[in-house]
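Just so you know, the sequence shown maps onto residues 1 to 91 in UniProt numbering. Inspection log for the structure reproduced underneath, given as C-alpha cells.
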Amino acid sequence: MKRDDKLKSPLTNRVNRIVGQVQGVGRMIEEDRDCVEILNMVSAVHAALRALEGKLLEDHVCHCVQEAAKDPAELERRMGELIKLYRRKLS
1 MKRDDKLKSP
11 LTNRVNRIVG
21 QVQGVGRMIE
31 EDRDCVEILN
41 MVSAVHAALR
51 ALEGKLLEDH
61 VCHCVQEAAK
71 DPAELERRMG
81 ELIKLYRRKL
91 S
C-alpha cells in the first residue's frame, strides 16, 4: 500500500516517540537509575509498540485487505498474511 502523508505522518510521529523512549532507557541505564524506573520505561516502550502495531494492523485491514477483496486470489493471499502474523504472535 502506498501511504499518503495523512496516513504516514501519525505513524512516523509514533515511531519517533518510541525512538525517544528507547533512547531514554539507554540514558537511564547510563545514569544508573533505579531498576524499577527503567522497567517502567521499558513497559511504556512495549505499550507504544503494541499501539503502533495495532494501528498498522488496522490500516492493513481497512486498506490492503479491503482493496484485495476485489480479487479473490489477492484476498486469499492477504488473508494468509494475516493468519501468518497472528500465528507468529501466538508463538
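Virtual Cβ for every residue (Gly too), placed ideally from N, Cα, C. As the structure is a prediction and not an experimental result, all values here were calculated from the model.
Cβ-based neighbour list, residue i, same chain, cut-off 8 Å, excluding 5 preceding and 5 following
i, result
"Met41", "Gln21, Gly24, Val25 and Met28"
"Val65", "Leu75, Arg78, Met79 and Leu82"
Proximity of residue i and residue j at Cβ, strictly below 8 Å
i, j, result
"Arg14", "Ala48", "yes"
"Leu11", "Lys55", "yes"
"Leu39", "Ile18", "no"
Residues near residue i by beta carbon distance below 7 Å, same chain, minus five either side
i, result
"Leu7", "Asp59"
Any non-hydrogen atom of the ligand GDP closer than 7 Å to residue i Cβ
i, result
"Arg3", "This structure lacks the ligand GDP, and indeed carries no ligand of any kind."
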